[in-house]
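Notes to accompany the following structure.
Protein chains in written order, with my numbering: chain L, 27 to 330; chain A, 107 to 431.
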């Protein structure tokens with residue numbers, strides 16, 4: 027287990043380094059902050075001062091070296107727009123996004139695991155049809171559209187839940203449902219096929235021959251085995267959740283990292299954008315590491 | 107002196123539903139397993155042996171198979187009339203099963219101790235230290251070296267022979283009256299097979315367990331069983347004591363089966379395979395299923411299935427060319 031974690035940590039560092047290069051170059055090919063931040067009537071001298079102060083006149087490799095030198099010391103640069111340290115802005119927003127993403131994942135699992143299991147256990151029955159309809163809807167309805175519809179129904183008409191902002195738990199409900207929605211369909215489908223495969227194995231036959239109740243056969247003997255591929259999928263889909271969180275945060279006016287990344291892209295606020303993307307990368311790399319560890323916890327064959 | 111019958115199978119038929127239609131995989135078979143007796147059920151792959159075993163447990167796959175008729179009685183109780191909950195209370199406690207492939211029969215994500223313990227908790231209400239003690243005893247009876255360590259192991263850490271002993275320990279955990287062993291040695295190495303069969307025979311004698319032993323290996327039958335039922339094409343064609351089957355087989359199929367067996371004491375180094383293929387489940391059966399491959403077939407054989415006839419003491423055969431009505 028420990029050597030695996032060490033080698034994964036090394037891989038993670040490499041991933042972060044590569045991501046930093048890509049985001050650094052891509053951000054700078056997308057436009058220039060000078061025209062966006064300074065008013066149109068700014069003089070040429072003012073423009074030059076702005077460019078020099080932000081180091082934008084230097085060659086790209088030099089800019090990158092300066093950036094990397096700062097990162098090593100925990101300095102991700104100052105926001106071009108607000109003149110605050112980029113890392114402070116990101117760290118203030120990150121927990122809100124993580125909580126939202128985790129709530130979304132939780133809702134997705136609470137809904138889709140029982141549907142996936144029941145669809146396989148009562149094959150061709152009501153739950154199987156329900157699961158297939160659910161999966162079809164889940165894959166074809168986009169998150170931004172669902173978000174807008176939910177706001178219309180539950181915030182505007184029924185006025186049960188707030189449409190935007192943070193505060194109590196009620197603020198989490200709609201955005202978390204929309205986020206969970208994006209992966210529930212996949213979990214239902216994957217778990218159904220994985221359960222069907224497991225239910226055909228000899229050890230399920232033996233579990234039944236032992237005299238165990240069908241409930242125990244399905245929810246203990248079959249589910250623990252069927253979850254193994256689902257965990258890989260969830261690790262993989264956590265990235266998708268985080269990515270959909272950008273859209274969802276904009277729709278619901280949720281002041282998270284996604285909203286920050288969205289704004290800093292619009293304003294070509296390079297330091298903040300770079301820091302945000304690196305934070306995303308770090309989160310996804312960590313989740314993948316956690317998935318590998320979970321894997322070992324469920325499947326003893328991986329532990330060896 | 108004959109012991110009382112424990113399992114009585116009477117005229118049992120099981121249909122299989124496939125893409126090619128309906129086939130009668132088990133076609134009106136009857137046999138009895140007496141208390142404390144080991145009955146061998148021998149036949150080629152596809153002859154319906156495994157399906158017969160699963161049907162006795164009422165675990166035959168549904169909806170792809172269905173009991174079409176007949177009776178299954180355990181100790182006088184009609185198993186086919188039991189509700190699902192009642193039937194479940196029989197499984198593991200009165201009838202237990204050992205499966206063919208020990209590599210696949212244990213759940214890979216739970217420890218051996220949990221898998222044996224689950225059966226002990228369910229059938230004997232044992233938990234905690236008491237459960238562990240009995241689990242250790244069971245593994246000891248099955249001569250598993252280092253039982254304490256085995257209890258803590260996961261299935262993938264054990265050899266095939268050890269896993270089959272663990273599966274057997276699970277089967278014996280509920281102190282069943284009938285043990286169904288469906289080709290328990292097919293997946294094992296030859297030397298491991300011999301040790302396992304010897305152990306099974308000893309356990310069967312010690313606890314006067316009734317065993318239904320399914321195999322396609324006549325040698326295994328000779329080691330473990332008291333009587334043999336020979337199955338072909340979904341039908342039982344001969345039933346006799348083990349000694350009789352080897353000394354004086356009656357049905358042409360049983361005779362051909364013996365001739366096709368390698369025998370180190372025989373001079374000839376040639377085996378005598380049975381020509382032709384076993385019949386498909388979906389081919390419509392009329393007459394004796396073995397007739398197309400039988401050297402002694404008569405016109406009557408392809409038209410009408412012969413009834414049971416006596417061929418000697420304790421020997422029953424279904425063949426127009428054998429026995430007396």
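Cβ atoms here follow ideal geometry from the backbone N, Cα and C, with glycine treated the same way.
Note that the coordinates shown come from a computational prediction; the quantities given were computed from them, not determined experimentally.
Helix, strand or coil at residue i according to DSSP, with G and I counted as helix
| i | result |
| --- | --- |
| residue 421(A) | strand |
| residue 308(L) | helix |
| residue 314(L) | helix |
| residue 331(L) | With chain L covering 27 to 330 only, the question about residue 331(L) has no answer from this structure. |
| residue 83(L) | coil |
| residue 344(A) | strand |
| residue 107(A) | Only weak support exists for where residue 107(A) lies, its pLDDT of 47 falling under 50; the value from the coordinates is given anyway. It is coil, neither helix nor strand. |
| residue 53(L) | helix |
| residue 111(L) | strand |
| residue 163(A) | coil |
| residue 94(L) | helix |
| residue 333(A) | strand |
| residue 320(A) | strand |
| residue 209(A) | helix |
| residue 140(A) | strand |
| residue 215(A) | coil |
| residue 275(L) | helix |
| residue 380(A) | coil |
| residue 193(L) | coil |
| residue 114(A) | strand |
| residue 258(L) | helix |
Whether residue i touches residue j by CB criterion (9 Å)
| i | j | result |
| --- | --- | --- |
| residue 134(A) | residue 341(A) | yes |
| residue 158(A) | residue 298(A) | no |
| residue 423(A) | residue 148(A) | no |
| residue 162(A) | residue 286(A) | yes |
| residue 343(A) | residue 351(A) | no |
| residue 358(A) | residue 402(A) | yes |
| residue 318(A) | residue 160(A) | no |
| residue 280(A) | residue 228(A) | yes |
| residue 97(L) | residue 170(L) | no |
Closest residue to residue i among the options (Cα-Cα distance)
| i | options | result |
| --- | --- | --- |
| residue 173(L) | 232(L), 54(L), 275(L) | 275(L) |
| residue 31(L) | 327(L), 239(L), 322(L) | 322(L) |
| residue 123(A) | 117(A), 360(A), 115(A), 132(A) | 132(A) |
| residue 354(L) | 364(A), 408(A), 167(A), 263(A) | As shown, chain L starts at 27 and ends at 330. That puts residue 354(L) outside it, with no answer to give. |
| residue 308(A) | 212(A), 330(A), 182(A) | 330(A) |
| residue 194(L) | 126(L), 108(L), 225(L) | 126(L) |
| residue 135(L) | 295(L), 267(L), 314(L) | 267(L) |
| residue 139(L) | 303(L), 250(L), 306(L) | 250(L) |
| residue 290(L) | 303(L), 279(L), 85(L) | 303(L) |
| residue 119(L) | 316(L), 287(L), 311(L), 312(L) | 287(L) |
Cβ separation of residue i and residue j, assumed to be a contact under 8 Å, to the nearest whole Å
| i | j | result |
| --- | --- | --- |
| residue 206(L) | residue 131(L) | 7 Å |
| residue 217(A) | residue 265(A) | Residue 217(A) to residue 265(A), Cβ: 17 Å. No contact. |
| residue 253(L) | residue 324(L) | 6 Å |
| residue 200(L) | residue 176(L) | 5 Å |
| residue 210(L) | residue 164(L) | 5 Å |
| residue 229(L) | residue 211(A) | 6 Å |
Same chain, Cβ closer than 8 Å to residue i, five either side skipped, listed in chain order
| i | result |
| --- | --- |
| residue 130(A) | 119, 120, 121, 122, 174, 340, 387, 391 |
| residue 107(A) | Low confidence applies here, because residue 107(A) scores a pLDDT of 47, under 50, leaving its location unreliable; read the following figure in that light. Contacts found: none. |
| residue 184(A) | 177, 178 |
| residue 257(L) | 317, 320, 321, 324 |
| residue 156(A) | 206, 288, 289, 320 |
| residue 74(A) | Nothing can be reported for residue 74(A): it is not among the residues displayed for chain A, which extend from 107 to 431. |
| residue 314(A) | 141, 142 |
| residue 301(A) | 267 |
Cβ shell of residue i (< 6 Å), same chain only, five flanking positions each side left out
| i | result |
| --- | --- |
| residue 355(A) | 361, 364 |
| residue 111(A) | 138, 140 |
| residue 113(L) | 102, 301 |
| residue 397(A) | 403, 407, 408 |
| residue 129(L) | 198, 202 |
| residue 122(L) | 282 |
| residue 192(A) | none |
Partners in chain C for residue i, counting only beta-carbon separations shorter than 8 Å
| i | result |
| --- | --- |
| residue 325(L) | Looking at the structure shown, chain C is missing, and the protein chains on hand are L and A. |
7 Å CB neighbourhood of residue i in its chain, flanking five on each side removed
| i | result |
| --- | --- |
| residue 248(A) | 271, 274, 275, 305 |
| residue 142(L) | 157, 213, 214, 217, 218, 221 |
| residue 232(A) | 226, 240 |
| residue 105(L) | 112, 115, 295, 297, 298 |
| residue 380(A) | 362, 366, 399 |
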